[in-house]
Amino acid sequence: MAEVLVYVDHVDGAVRKPTLELLTLARRIGEPVAVHLGAGVDTAAPVLAEHGAVKVLAADAPEFADYLVAPKVDALQAAYDAVSPVAVLVASSAEGKEIAARLAVRIGSGIITDAIDLEAGDEGPIATQSVFAAAFTTKSRVTKGAPVITVKPNAAAVEAAPAAGAVEQLAVTVADSSKGTKIVSRTPRESSGRPELTEAAIVVSGGRGVNGAENFPIIEGLADSLGAAVGASRAAVDAGWYPHTNQVGQTGKSVSPQLYIAAGISGAIQHRAGMQTSKTIVAINKDAEAPIFDLVDYGVVGDLFQVVPQLTEEVTSR
Ligand code: FAD
1 MAEVLVYVDH
11 VDGAVRKPTL
21 ELLTLARRIG
31 EPVAVHLGAG
41 VDTAAPVLAE
51 HGAVKVLAAD
61 APEFADYLVA
71 PKVDALQAAY
81 DAVSPVAVLV
91 ASSAEGKEIA
101 ARLAVRIGSG
111 IITDAIDLEA
121 GDEGPIATQS
131 VFAAAFTTKS
141 RVTKGAPVIT
151 VKPNAAAVEA
161 APAAGAVEQL
171 AVTVADSSKG
181 TKIVSRTPRE
191 SSGRPELTEA
201 AIVVSGGRGV
211 NGAENFPIIE
221 GLADSLGAAV
231 GASRAAVDAG
241 WYPHTNQVGQ
251 TGKSVSPQLY
261 IAAGISGAIQ
271 HRAGMQTSKT
281 IVAINKDAEA
291 PIFDLVDYGV
301 VGDLFQVVPQ
311 LTEEVTSR
């Protein structure tokens, strides 16, 4: 059966959820072969095997940690040359998209970014994308070379499918030209204890209707009762009520959770661009004419200061 390369996104061997989603999608088009670069393959390999990796190609070198993406592209290209896959799947993070783009140029293939679904096609894998601020979905296929496809987090529900997942060492030579940009320092962000916004299965976002930084704990309370990440509209971010790292939308982050709850957000097109592919959308807005109600699955017309605490209490009591 044809093999599909899956680039593993991990932190010291702790495999991030989008990679498990990639393995699930990869099985629709072939046999997943995981590519694990850097430390921690002993930790990662059993998890990758549990989710369908028939093989794990591993390489570790100081360059993967010391330099930006180019050494990883060298290694992914080595894996590509070794396997000749029918497709290469990478998670749609900023780093993932850069790696994918560089690889596609090197191997002379087409690239599809930010896919929200993937299926097998007679002439190669077909990717679904959400375009024009999520006003349309398109299905496309690469016509030259093995497609390199980046997939948005939460595009698929993770399914276990145990496979052999034997680790094989990958011989990699990092080119001098790949050492152009060195990482000089790393500052870990203070953790809120909440899931990463772009990976969270549930996101609760607040907008201008929250009416002040001092009221955002209401949004955080609902998020915490659901184990969700917190998002914010640009209006709330521009007002200084919540950090820009939490902004959802065209100039913020793009999220695609199972459940997106928007409180006090009108639903401007630039906000929709970042959340419209969410599976279920709930809005709480006191204006029944707010445009957000055009795209919701469930809408509550009401004052968020009454509705959100009641919702939190109800969720917490269960
Ligand atoms: P508003 O549009 O002011 O809506 C507030 C809503 O809260 C209203 O519908 C109101 O009825 C409701 N409300 C008020 N009080 C309550 C209450 N007590 N209870 C319930 N509901 C209440 N925006 C983004 O979000 N993300 C982006 O990435 C982004 N990028 C942009 C890029 C460009 C180039 C431009 C031009 C704009 C961008 N914007 C972005 C801004 C966008 O156009 C909107 O201005 C913004 O999304 C509005 O935020 P909001 O919905 O919180 O505020």
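Numbering of the sequence shown is given in my numbering, commencing with residue 1 and proceeding in unit increments. By construction, the Cβ of each residue, glycine as well, lies at the ideal position given by its N, Cα and C atoms.
ask   = Taking Cβ to Cβ, would you say S233 is nearer than 8 Å to R208?
value = Yes.
request  = Counting only runs of 4+ residues fully inside the segment 240-281, write out the alpha helix (DSSP H) ranges in chain order.
outcome  = Annotation: the segment 240-281 contains the following complete segments of the alpha helix (DSSP H) (minimum length 4 residues), in chain order: 269-272.
ask   = Are the segment 32-47 and the segment 67-79 touching, with three or more C-beta to C-beta distances below 8 Å?
value = Contact between the segment 32-47 and the segment 67-79 is present, because at least three Cβ pairs lie under 8 Å.
inquiry  = Give me the residue from V11, I99, T316, L89 with the minimum Cα distance to P188.
reply    = Considering only alpha carbons, the answer is V11.
query = Between the C-alpha atoms of L48 and T19, what's the straight-line distance to the nearest angstrom?
reply = Those two C-alpha atoms are separated by around 9 Å.
task = Less than 8 Å between the CB atoms is what I'm expecting for V282 and L259, so what's the real figure, rounded?
result = The pair is a contact, with the Cβ atoms about 7 Å apart (cut-off 8 Å).
query = Which class does P32 belong to by DSSP, given the choice of helix, strand or coil?
reply = Reduced to three states, the DSSP call for P32 is strand.
query = To which residues does DSSP link L48 through a beta bridge?
reply = Bridge partners of L48: none, in fact.
task = Would you list the one or two residues that DSSP bridges to T150?
result = For T150, which the question treats as bridged, DSSP gives the partners V90.
ask   = Whose beta carbon lies closer than 5 Å to any heavy atom of the ligand FAD, going through the chain in order?
value = Each of G207, R208, G209, S233, R234, A235, G249, Q250, T251, G252, G264, I265, S266, A268, Q270, H271, N285, K286, D287, A290, D303, L304 has a C-beta closer than 5 Å to some heavy atom of the ligand FAD; these make up the full list, in chain order.
request  = Whole angstroms is fine: what's the gap from T245's alpha carbon to G212's?
outcome  = Distance between T245 and G212, taken at the CA atoms: about 17 Å.
ask   = Using the rule of at least 16 other Cβ atoms within 10 Å of the residue's Cβ for burial, across every protein chain shown, is S177 buried or exposed?
value = Around the CB of S177, fewer than 16 other CB atoms lie within 10 Å, so the residue is classed as exposed.
inquiry  = Can you tell me which residues form a DSSP beta bridge with L5?
reply    = Partner(s): V33, V88.
query = Who are the Cβ neighbours of F64 in its own chain at under 8 Å, not counting the five residues just before and after it?
reply = In chain order, L37, G38, P71, K72, A75 place their CB closer than 8 Å to the CB of F64, counting only its own chain and leaving out the 5 sequence neighbours on each side.
key: Bridge partner(s) assigned by DSSP for A59   = Residue pairing by DSSP puts A59 in a beta bridge opposite L37.
ask   = Would V105 be called buried (16 or more neighbouring beta carbons within 10 Å of its own) or exposed?
value = Exposed is the call here.
request  = Helix, strand or coil for S185, going by three-state DSSP, please let me know.
outcome  = In the three-state scheme derived from DSSP, where H, G and I count as helix and E and B as strand, S185 is classed as coil.
inquiry  = Taking 7 Å as the limit between beta carbons, can you name the residues of its chain near V315, skipping five residues before and five after?
reply    = Within the same chain, S225, L226 come within 7 Å of V315 by CB-CB distance, once the 5 residues on both sides are set aside.
inquiry  = So, at 6 Å on beta carbons, what are the nonlocal neighbours of G13 in its own chain, with the 5 sequence-adjacent residues on each side left out?
reply    = Around G13, the same chain offers G40, T43, A44 as residues with beta carbons nearer than 6 Å, after the five sequence neighbours per side are excluded.
message = Just verifying my parser: in three-state terms, what is the DSSP assignment at K97?
response = Helix at K97.
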